[in-house]
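J.: Please find one structure pasted underneath; my questions will follow.
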Amino acid sequence: MDRVRVRYAPSPTGYPHIGNIRTALFNWLFARHMGGSFIVRIEDTDQARKVEGAVESILDSLRWLGLDWDEGPEVGGRYGPYFQSERLDLYQRFARQLLESGQAYRCYCASERLSQMRAEMAERKEAARSYDRRCRSLSPGKAGDLESQGVPSAIRFKAPLEGQTAFQDLIRGEITFDNSELDDLVLLKSDGYPTYHLANVVDDHFMEVSHVMRADEWLSSTPRHVLLYAALGWRPPLYAHLPMILGPDKSKLSKRHGATSVVEYRDRGFLTEAMVNFLALLGWALDDKTEVMGRDELIRHFSIERISKTAAIFNQDKLQWMNGVYIRQLVEKQGHAEFARRALPFLESGLPERVKRPIDGEYVVRITPLAYERVNLLSELPARIDFFFLDELDYDAGLLVVKGMDRETAIAALRGCLQRLGGGPFDHTAIEGVMRSLAEELGLKPGPLFGLVRVAVTGRTATPPLFETMAVLGRDRCLRRLESALARLESSHAA
Ligand code: GLU
Numbered sequence: 010m011d012r013v014r015v016r017y018a019p020s021p022t023g024y025p026h027i028g029n030i031r032t033a034l035f036n037w038l039f040a041r042h043m044g045g046s047f048i049v050r051i052e053d054t055d056q057a058r059k060v061e062g063a064v065e066s067i068l069d070s071l072r073w074l075g076l077d078w079d080e081g082p083e084v085g086g087r088y089g090p091y092f093q094s095e096r097l098d099l100y101q102r103f104a105r106q107l108l109e110s111g112q113a114y115r116c117y118c119a120s121e122r123l124s125q126m127r128a129e130m131a132e133r134k135e136a137a138r139s140y141d142r143r144c145r146s147l148s149p150g151k152a153g154d155l156e157s158q159g160v161p162s163a164i165r166f167k168a169p170l171e172g173q174t175a176f177q178d179l180i181r182g183e184i185t186f187d188n189s190e191l192d193d194l195v196l197l198k199s200d201g202y203p204t205y206h207l208a209n210v211v212d213d214h215f216m217e218v219s220h221v222m223r224a225d226e227w228l229s230s231t232p233r234h235v236l237l238y239a240a241l242g243w244r245p246p247l248y249a250h251l252p253m254i255l256g257p258d259k260s261k262l263s264k265r266h267g268a269t270s271v272v273e274y275r276d277r278g279f280l281t282e283a284m285v286n287f288l289a290l291l292g293w294a295l296d297d298k299t300e301v302m303g304r305d306e307l308i309r310h311f312s313i314e315r316i317s318k319t320a321a322i323f324n325q326d327k328l329q330w331m332n333g334v335y336i337r338q339l340v341e342k343q344g345h346a347e348f349a350r351r352a353l354p355f356l357e358s359g360l361p362e363r364v365k366r367p368i369d370g371e372y373v374v375r376i377t378p379l380a381y382e383r384v385n386l387l388s389e390l391p392a393r394i395d396f397f398f399l400d401e402l403d404y405d406a407g408l409l410v411v412k413g414m415d416r417e418t419a420i421a422a423l424r425g426c427l428q429r430l431g432g433g434p435f436d437h438t439a440i441e442g443v444m445r446s447l448a449e450e451l452g453l454k455p456g457p458l459f460g461l462v463r464v465a466v467t468g469r470t471a472t473p474p475l476f477e478t479m480a481v482l483g484r485d486r487c488l489r490r491l492e493s494a495l496a497r498l499e500s501s502h503a504a
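The C-terminal residue of the sequence shown carries number 504 in our numbering, and the numbering is unbroken.
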């Protein structure tokens, strides 16, 4: 096989979503598996649909997922430029060549005429066709007149009127289209800009792209591309059209299913590792059981043969579960400091405003070991551990009257804690020892006592392990909170 060169060719018409980036990932995995090149080409010839900031967001998404590109924006390469808007001469040259060889023609129809034509076709219930080929048979004299009147013209491809066009799709096998279904598509618009079809074919040829792996929605464009390659005397690349991605309800994937722009996943606290693994399984699988696979494993095993023909289902719950798995893995493999480092930005943005900034990173490294096992998203962390950072806890005094203990006993228990925790070591074993002997002394069961202290020092009934939590909070904070709990109980009528 020739050298593998694949490309991700996004149009900057919006922020990349799950489907777009899955295409990028499959191309990247294939390139890395084959030791080939991964190219990023920006298809920005549709000036009207360009969105400000879209290119940045495309590149940011790729960077976040670690999909490095060998050629393209920022890195350049031998086959550049990699923005189509900087390659207009090339497209114009080949549109003219097709015109001169009689495989294309000038079309002078104004857009008003085309809209009217389509409306009439719809009325007659004819198959929707974008053009009735009126200018295909224009006499040279008539064309000359229009030219001399300065009527603007587009260049259209002369598609064959009969026969069939077939190609091999590496995923779906042989695909055949009747030429009678194809239009005379516009290659070059009257403003000198190419259409997607012309630019895409010219660039894939000149960039020596070996495999075109793209979304299923482009399948019907492929016979047109194949015809264009033939008209230009070029060899087409190999094609692989990726299966659609559907929501769990089997309808086309949309925001409704939780599928938003890729950078939003980053901002919601998904880890790159989980996202890459999850996306890789949207239409590809190693076998029918392996789910958790790191980047290196994915590269090692990726193959076009194992891409599925049927639609993939996007399941947000699975993504969240997988993210939890990767959080645990991250801690095991890279340690708490790395987890805390990744969590820090989420704490900076997610903790209540009254918490002093910047957040103390060293304190965070002591807290996160107590919490990481229960979070599936980094963004869940602030709400789980905010009590570690607050000066004043906000909770209902009623919570202090835990089951199995009345108000008077609770007051006595808090006083006992205050006395005994004031001195001596303050690590979790020491704290536990003090609390257990206090329970015995007061004739209390440990459970209710610990429950009371938990509310007093954290303001909640469910938290990470109590004694570890107290040790991290530190003696001063714990004593202050116990005092404040005592004051609340004394002034309340909860009993
Ligand atoms: N610019 C097209 C897109 O945004 C590229 C399609 C292709 O890969 O040929 O999907």
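For glycine and all other residues, C-beta sits at the position ideal for the given N, C-alpha and C.
What do you reckon, is the C-beta of Asn209 under 7 Å from a heavy atom of ligand 1?
T.: Walking along the sequence shown from the start, residue 209 turns up at place 200. Checking every heavy atom of ligand 1 against the Cβ of Asn209, one is found closer than 7 Å.
J.: I'd like the list of long-range same chain contacts for Tyr372, defined as Cβ closer than 6 Å, with 5 residues on each side in sequence excluded.
T.: Indexing the sequence shown from 1 puts residue 372 at position 363. Cβ neighbours of Tyr372 beyond the five flanking positions: none.
J.: So which of Gly150, Glu132, Lys134, Ser162 has the shortest CA-CA distance to Ala119?
T.: Residue mapping note: residue 119 aligns to position 110 of the sequence shown, counting from 1. Nearest of Gly150, Glu132, Lys134, Ser162 to Ala119, Cα basis: Ser162.
J.: Sort out for me which residues DSSP pairs Ile316 with in a bridge.
T.: Within the sequence shown, numbered from 1, the residue matching residue 316 stands at position 307. Looking at the DSSP assignment, Ile316 forms a beta bridge with Trp293.
J.: Opposite Gly303 in the DSSP bridges: which residues?
T.: The sequence position of residue 303 within the sequence shown is 294, counting from 1. In DSSP, Gly303 forms no bridge with anything.
J.: For Gly359, which of helix, strand or coil comes out of DSSP?
T.: Here the question's residue 359 lines up with position 350 in the sequence shown. Helix.
J.: Regarding Tyr205 and ligand 2, is the C-beta to nearest heavy atom distance less than 7 Å?
T.: Among the ligands present in this structure, namely ligand 1, ligand 2 is not found.
J.: Do Gly460 and Val411 come within 8 Å of each other at the CB atom, strictly closer than that value?
T.: Position 402 of the sequence shown, counted from the start, is the residue given in the question as residue 411. Position 451 of the sequence shown, counted from the start, is the residue given in the question as residue 460. Going by C-beta atoms, Val411 is nearer than 8 Å to Gly460.
J.: Compute the Euclidean distance between the alpha carbons of Ala289 and Arg350, then round it to the nearest angstrom.
T.: Against the sequence shown, residue 289 aligns to sequence position 280. Against the sequence shown, residue 350 aligns to sequence position 341. Rounded to the nearest angstrom, the two C-alpha atoms are 26 Å apart.
J.: Quick check: Phe397 and Val466, are their CB atoms within less than 8 Å of each other?
T.: Numbered from 1 along the sequence shown, position 388 holds the residue referred to as residue 397. Numbered from 1 along the sequence shown, position 457 holds the residue referred to as residue 466. For Phe397 and Val466, no; Cβs fall outside 8 Å.
J.: Among Ser199, Met414, Ala421, Leu360, which one has its Cα closest to the Cα of Pro391?
T.: Position 382 of the sequence shown, counted from the first residue, corresponds to residue 391. Per the Cα distances, Leu360.
J.: State the DSSP-derived secondary structure class of Ala63, mapped to helix, strand or coil.
T.: As a first step, residue 63 must be located in the sequence shown, where it is residue number 54. In the structure shown, Ala63 sits in a helix (DSSP, three-state: H, G or I).
J.: Keeping to the same chain, check which residues put their C-beta closer than 8 Å to that of Thr32; ignore five residues upstream and five downstream.
T.: By 1-based counting over the sequence shown, the position of residue 32 is 23. Closer than 8 Å at the Cβ level, and outside the excluded window around Thr32, lie Tyr17, Met222, Arg223, Ala224, Leu251.
J.: Considering only residues of the stretch 126-200, which uninterrupted beta strand (DSSP E) runs meet the minimum length of 3 residues and lie entirely inside it, listed in chain order?
T.: Fully enclosed beta strand (DSSP E) runs of 3 or longer: 163-166, 173-178, 182-187, 195-197.
J.: In whole angstroms, what is the alpha-carbon distance linking Leu447 and Leu488?
T.: Start at 1 with the first residue of the sequence shown, and residue 447 comes out as number 438. Start at 1 with the first residue of the sequence shown, and residue 488 comes out as number 479. Looking at the two C-alpha atoms, the distance is approximately 16 Å.
J.: Specify whether the stretch 186-193 and the stretch 232-252 touch according to this definition: at least 3 beta carbon pairs, one from each stretch, less than 8 Å apart.
T.: The answer is yes - the stretch 232-252 touches the stretch 186-193, with three or more Cβ pairs under 8 Å.
J.: CB-CB under 8 Å to Arg58, same chain, minus the five flanking residues each way: which ones, in chain order?
T.: As a position in the sequence shown, residue 58 is number 49, starting the count at 1. Excluding sequence neighbours, Arg58 sits near Ser20, Thr22.
J.: For the stretch 44-93, list the beta strand (DSSP E) runs that are entirely contained and at least 3 residues long, ordered along the chain.
T.: Listed in chain order, they are 46-49.
J.: By the three-class DSSP mapping on this structure, what secondary structure does Pro391 have?
T.: Within the sequence shown, numbered from 1, the residue matching residue 391 stands at position 382. Three-state result, Pro391: helix.
J.: What number of angstroms, rounded off, separates the C-alpha of Ala504 from the C-alpha of Leu458?
T.: Counting from one through the sequence shown, the residue named residue 504 turns up at place 495. Counting from one through the sequence shown, the residue named residue 458 turns up at place 449. With a pLDDT of 43 at Ala504, under the threshold of 50, the modelled position of this residue cannot be trusted; read the value that follows with caution. Those two C-alpha atoms are separated by around 17 Å.
J.: Is Ile254 helix, strand or coil by DSSP?
T.: Counting from 1 along the sequence shown, the entry for residue 254 is found at position 245. Strand.
J.: What do you reckon, are the CB atoms on Leu453 and Thr418 nearer than 8 Å?
T.: Locating residue 453 in the sequence shown gives position 444, counting from the first residue. Locating residue 418 in the sequence shown gives position 409, counting from the first residue. Closer than 8 Å, so yes.
J.: Relative to ligand 1, is the shortest distance from any of its heavy atoms to the C-beta of Arg223 smaller than 7 Å?
T.: As a first step, residue 223 is located in the sequence shown; it is residue number 214 there, counting from the start. Checking the Cβ of Arg223 against ligand 1 gives yes.
J.: Helix, strand or coil: how does DSSP classify Ser219 here?
T.: In the sequence shown, counting from the first residue as 1, residue 219 sits at position 210. Note: Ser219 maps to coil in three-state DSSP.
J.: To the nearest angstrom, report how far apart Ile313 and Asp69 are at their CA atoms.
T.: As a working mapping, residue 313 is identified with position 304 in the sequence shown. As a working mapping, residue 69 is identified with position 60 in the sequence shown. Cα to Cα, Ile313 sits roughly 26 Å from Asp69.
J.: Helix, strand or coil: how does DSSP classify Lys261 here?
T.: Translated into positions along the sequence shown, residue 261 becomes position 252. The answer is strand: DSSP assigns Lys261 an E or B state.
J.: Locate the beta strand (DSSP E) running through Val15, then write down its first and last residues.
T.: Here residue 15 is taken as the residue at index 6 of the sequence shown, counted from 1. Unbroken beta strand (DSSP E) run through Val15: 14-17.
J.: Could you check how far apart the C-beta atoms of Val211 and Leu99 are, in whole angstroms? I think they sit under 8 Å.
T.: Counting from one through the sequence shown, the residue named residue 211 turns up at place 202. Counting from one through the sequence shown, the residue named residue 99 turns up at place 90. Indeed they touch by this definition, with Cβ atoms about 6 Å apart.
J.: Going by alpha carbons, who is nearest to Gly370 out of Arg363, Leu356, Arg277, Gly344?
T.: Here residue 370 refers to the residue found at position 361 when the sequence shown is read from its first residue. Among Arg363, Leu356, Arg277, Gly344, the Cα nearest to that of Gly370 is on Leu356.
J.: Cβ of Ala471 within 8 Å of Cβ of Leu451?
T.: Walking along the sequence shown from the start, residue 471 turns up at place 462. Walking along the sequence shown from the start, residue 451 turns up at place 442. For Ala471 and Leu451, no; Cβs fall outside 8 Å.
J.: Can you find a heavy atom of ligand 1 that lies under 7 Å from the Cβ of Ala18?
T.: Locating residue 18 in the sequence shown gives position 9, where the first residue counts as 1. True, at least one ligand heavy atom lies under 7 Å from that Cβ.
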